[in-house]
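Heads up: the sequence shown begins at 1 in our numbering, then just goes up one per residue. Everything below concerns the one structure shown next.
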Amino acid sequence: MATNVVLGLGGGVDYELKLSAPVLEQLVDQHRIREAELTSTATVTDERELVISILTYLRKGGGGEHFVASSGCLSTFAGRFPTRTTLGGTSVRAAKEMSRLGVPSTLHLVSTNDVVRRLLPAGCDYISSGDQDTFYPHLIVQYDQDLRVRAGDIDIRAPFPNRLIYVNDPANGSMLLSDGLGPLLRTARVFLISGLNAIRDRHVLDRRLATLRGHMRQLPAKAVVYYEDAGFHEPGLSQRVRDALLEVIGVYGLNEDEMQSHLGYAVDLLSVAEVAGALESLRARIPVPTLVVHTKYWSAAFGAGAGGYAGSLNEGIVIASTRYSHGDDYTDQDYELMRDRPRRTEAVEFAAALEGHMGEAVRCLPGIRLDVAEPTTVGLGDAFVGGFLAALLPPS
């Protein structure tokens, strides 16, 4: 099959839920969780640690992704809330947004089943490395701004809305690559790499990276390779991926949480001096032609030809904002109206000042002014990627 857009490398089924204070407060009491225990952890082994992890993020309004040692605790926790079944993974969600914009794509998957086949977007083909159906749903947790949890000595309120991802998925953890990937790349003008963060074994990762590099030799010279960062289930493996792939990545995308994780410190996203310093430091750590950072206030391209990505940045912002406001079921009218909405005043001022400070090396676009009582926080970065990539390839 010939295709202009190849989106990989994994994906699967998501169970989405929205947190509520009464259930969380009941769990705090049930598990006798104390405020002093609300500290970050890389892995989760049972429901008690899952609740601690969620509350830790909720207190700071952060988002993240974590491996869970037992899939049973995911099912137990999900069973306490109304859930919604969707398809997840950056590549799959990006494909859905691109399909809405009239841009067909082909996915590389590692796991398929009846739910995946039923929910894949129109105009989207796929190949899969899996030789049989598998089903490893991910837990996607949303919470609203100002969600307050009071139980025992805990009294916390979410300063921002966000989402959390908890995963126990052997198929994505292995990330086998199909022999058909290389031939598929021969006609690609855009190739998205995502999902490598799910691999937890260093030796498996090294083998997959070597195989991926082999497949990528079949890419046309002018193809755009876009890598979207994510929370690594084994944080120490993130650098191995960059060491193996940086020389073949054209655009490296990440959100504000991932940017600050790389830097190791918090950044005031509306301070020109702090953001300029962060971008320079990030570029020193991740020396790719173009960095793309997408945040709740603004999105920016930094590096070679940054100005040429203005249209892609804007499309990413519009699509992500539409999803934030209306969820999966937004209409064409919702999308068109979003394009004309005013931008955030503080972000407009910031973007102009950042470009004035850093010159042509950066192109920064302000986010759209939104006031949504119950926003969708799942898949916003993925939606941004879909809009960004779609703008590189306008519909024919």
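All residues carry an ideal CB built from backbone N, CA and C; glycine is no exception.
- DSSP places Leu337 inside the alpha helix (DSSP H), whose first and last residues are Asp332 to Arg339.
- The stretch 295-315 and the stretch 76-92 do not touch, with fewer than 3 CB-CB distances between them shorter than 8 Å.
- DSSP places Ala21 within a helical segment (H, G or I) once states are collapsed to three.
- Looking only at Leu7, Thr345, Gly307 and Ser20, the smallest Cα-Cα distance to Ala158 is reached by Ser20.
- DSSP places Leu38 in no alpha helix (DSSP H); its state is neither H nor E.
- Ile249 and Ile33 have their alpha carbons spaced roughly 44 Å apart.
- Across the set Thr43, Ala351, Thr322 and Asp328, the C-alpha of Ala351 shows the shortest separation from the C-alpha of Phe302.
- In the three-state reduction of the DSSP assignment, Ser53 falls in the helix class.
- In terms of Cβ geometry, Val225 and Val292 do not form a close pair [threshold 8 Å].
- Unbroken beta strand (DSSP E) stretches of 3 residues or longer found wholly inside the stretch 346-375: 362-366, given in chain order.
- In the DSSP assignment, Asn314 falls within the alpha helix (DSSP H) that extends over Ala310 to His326.
- Judged by beta-carbon spacing, Ala304 lies within the 8 Å limit of Pro289, meaning their Cβ atoms are closer than that value.
- Leaving aside the five residues that flank Thr345 on each side, the residues in its chain whose CB is nearer than 8 Å to its CB run, in chain order, Arg369.
- The DSSP-derived three-state label of Gln260 is helix.
- As computed with DSSP, Phe232 is found in no beta bridge at all.
- Between Tyr126 and Leu109, the CB-CB gap stays under 8 Å.
- Shown here, Ser178 sits in coil according to DSSP, grouped into three states, outside any helix or strand.
- For Ser70, no pairing in a beta bridge is given by DSSP.
- If you check the CB distance, His31 and Arg59 do not come in under 8 Å.
- The DSSP-derived three-state label of Arg283 is helix.
- Residue pairing for Asp14: DSSP places it in a beta bridge opposite Thr86 and His138.
- Between the alpha carbons of Ala223 and Ala188 lies a gap of roughly 6 Å.
- In this chain, Gly63 is not harboured by any beta strand (DSSP E), its DSSP state being neither H nor E.
- In this structure Gln142 is buried. Its beta-carbon is surrounded by 16 or more other beta-carbon atoms within 10 angstroms.
- Within a 10 Å sphere around the beta-carbon of Ala198 sit 16 or more other beta-carbons, which makes this residue buried.
- Rounded to whole angstroms, the Cβ separation of Val6 and Thr106 is 5 Å, and the two are in contact under 8 Å.
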